[in-house]
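Undergrad:
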Amino acid sequence: MNKPYIVCHMMTSVDGRIDCAMTEHLPGVQEYYETLGALDAPARISGRVTAELEMALPGKFEAKNIDVLGKEAFSKAADAEGCEVVVDTHGTLLWDETGADERPLLILMSEQVSKEYLAYLDGKHISWIACGKEHVDLKRACEILASEFGVRRAAVVGGGHINAGFLAAGLLDEVSILIGAGIDGRGGMQAVFDGLPMERGVTPLKLASVQQYGSGAVWLRYSVEKQKRKMRNAFRSRKSGRKAFFAYRGIFIPRARSFRAIPDGRPAAARSCRAKKRCSARRR
16 MNKPYIVCHM MTSVDGRIDC AMTEHLPGVQ EYYETLGALD APARISGRVT AELEMALPGK
76 FEAKNIDVLG KEAFSKAADA EGCEVVVDTH GTLLWDETGA DERPLLILMS EQVSKEYLAY
136 LDGKHISWIA CGKEHVDLKR ACEILASEFG VRRAAVVGGG HINAGFLAAG LLDEVSILIG
196 AGIDGRGGMQ AVFDGLPMER GVTPLKLASV QQYGSGAVWL RYSVEKQKRK MRNAFRSRKS
256 GRKAFFAYRG IFIPRARSFR AIPDGRPAAA RSCRAKKRCS ARRR
């Protein structure tokens, strides 16, 4: 697959929370931006909620004409190597012509985006990609970013839901975490990767480096174990023989294999294993 090298880079509290209003008070905020720069990932990818809080104009785009695009397409208004990429499935955010730090914008949407919103982006000289029938197809979007926009390295910078989308789609090559010296502790706060199905397995990582700072912050870098990730994402439905997918927060991602539930809450595989042990015991 032709795609950019993708790093998920986040700042968290010691308990793994990422609420911006909290993390901006943690020791290590300056180191977060320094480490982000050190990753050599000029393109930055954000979810709709994060972009709405930090970059977009107030308000919501309301299309007067519901005519949708209905096909894959893209528009390149500027070079995208150092752009702000925003996943906005339905095309609702309002914009100036540039994003954070005067960086060019590139909006990712599904094919259900209205033609009126695309005309709005074109009028603002904002690049865009529309792919995925009902939801943004992240894999295809990354292929277009690499082949048509020349993006070679990108950093996914939150929130937890878009991070989880890239993780579940098997698109992350590296996870970079700057842990600030503080604890959030509040219930219900978002984590670095958040909201994936309960049956999803653990994604194995390999520690690449650890760096400590005078502020008390610690920078951890991990590579994602690609072989195991590939095996998990290659799951095919036993019934249909086709790849199983699900839509999460407007993002099109592969569905992880689920186990058949049984009354006591254990997977069927566990019950089968224990049944075999009981049979062996009876034979003895």
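Residues in the sequence shown are numbered from 16 upward in steps of one, following my numbering. Even glycine gets a Cβ: it sits at the ideal position worked out from N, Cα and C.
With DSSP as the reference, identify every bridge partner of Leu220, one or two as the case may be.
TA: The partner list for Leu220 (beta bridge, DSSP) reads Val239.
Undergrad: What residue range is occupied by the uninterrupted beta strand (DSSP E) comprising Glu189?
TA: Start and end: 189-194.
Undergrad: For His176, which three-state DSSP category applies?
TA: Helix, per DSSP.
Undergrad: Quick check: what's the CA-CA separation for Asn17 versus Asp55?
TA: The straight-line gap from Cα to Cα measures roughly 19 Å.
Undergrad: Consult DSSP for Gln45 and reduce its assignment to one of helix, strand or coil.
TA: Residue state, collapsed to three classes: helix.
Undergrad: Quick one, are the C-beta atoms of Val151 and Thr107 less than 8 Å apart?
TA: Contact: no.
Undergrad: Compare the Cα-Cα distances from Asp34 to each of Arg201, Ala223, Trp234 and report the closest residue.
TA: Selected option, being the one with the closest Cα: Arg201.
Undergrad: Taking the alpha helix (DSSP H) that Ala88 belongs to, which residues open and close that run?
TA: Note, Ala88: premise wrong, no alpha helix (DSSP H); beta strand (DSSP E) at 88-90.
Undergrad: Under a three-way DSSP split, which group does Arg257 fall into?
TA: Model confidence at Arg257 stands at a pLDDT of 43, short of 50, so the residue's coordinates are unreliable; what they give is reported in the following sentence. Three-state DSSP puts Arg257 in coil, outside helix and strand.
Undergrad: Who are the Cβ neighbours of Tyr132 in its own chain at under 7 Å, not counting the five residues just before and after it?
TA: Phe76, Ala78, Gly106, listed in sequence order.
Undergrad: Given this structure, state the Cα-to-Cα distance separating Ala92 from His176, to the nearest angstrom.
TA: C-alpha separation (whole angstroms): 28 Å.
Undergrad: Exposed or buried, Leu109, counting other C-beta atoms within 10 Å across all chains shown (16 or more means buried)?
TA: Per the 10 Å Cβ criterion, exposed.
Undergrad: For the alpha helix (DSSP H) containing Val166, list its first residue and its last residue.
TA: Premise fails: Val166 is in no alpha helix (DSSP H) and is neither H nor E.
Undergrad: Classify Arg272 as helix, strand or coil using the three-state DSSP reduction.
TA: Confidence is the limiting factor: at Arg272 the pLDDT is only 43, short of 50, which leaves the residue's position unreliable and the question unanswerable from this model.
Undergrad: By the DSSP assignment, the alpha helix (DSSP H) with Cys35 in it spans what residues?
TA: Here the alpha helix (DSSP H) through Cys35 covers 35-38.
Undergrad: Given a cut-off of 8 Å on the beta-carbon distance, is the pair Leu182 and Phe208 in contact?
TA: In this structure, Phe208 lies closer than 8 Å to Leu182 by Cβ.
Undergrad: Quick one: residues in its chain with C-beta nearer than 6 Å to the C-beta of Ala306, no 5 flanking neighbours on either side, listed in chain order?
TA: Within the shown structure, residues of the chain are numbered from 16 to 299, placing residue 306 beyond reach of any answer.
Undergrad: How many angstroms separate the CA atom of Val64 from the CA atom of Gly85?
TA: Rounded to whole angstroms, Val64 to Gly85 spans 24 Å at the Cα level.
Undergrad: Rounded to the nearest angstrom, what separates Arg215 and Glu240 at their Cα positions?
TA: Taking the straight line from one Cα to the other gives about 16 Å.
Undergrad: Report the residue from Ala223, Ala161, Thr27 whose alpha carbon sits nearest the alpha carbon of Leu186.
TA: Among Ala223, Ala161, Thr27, the Cα nearest to that of Leu186 is on Ala161.
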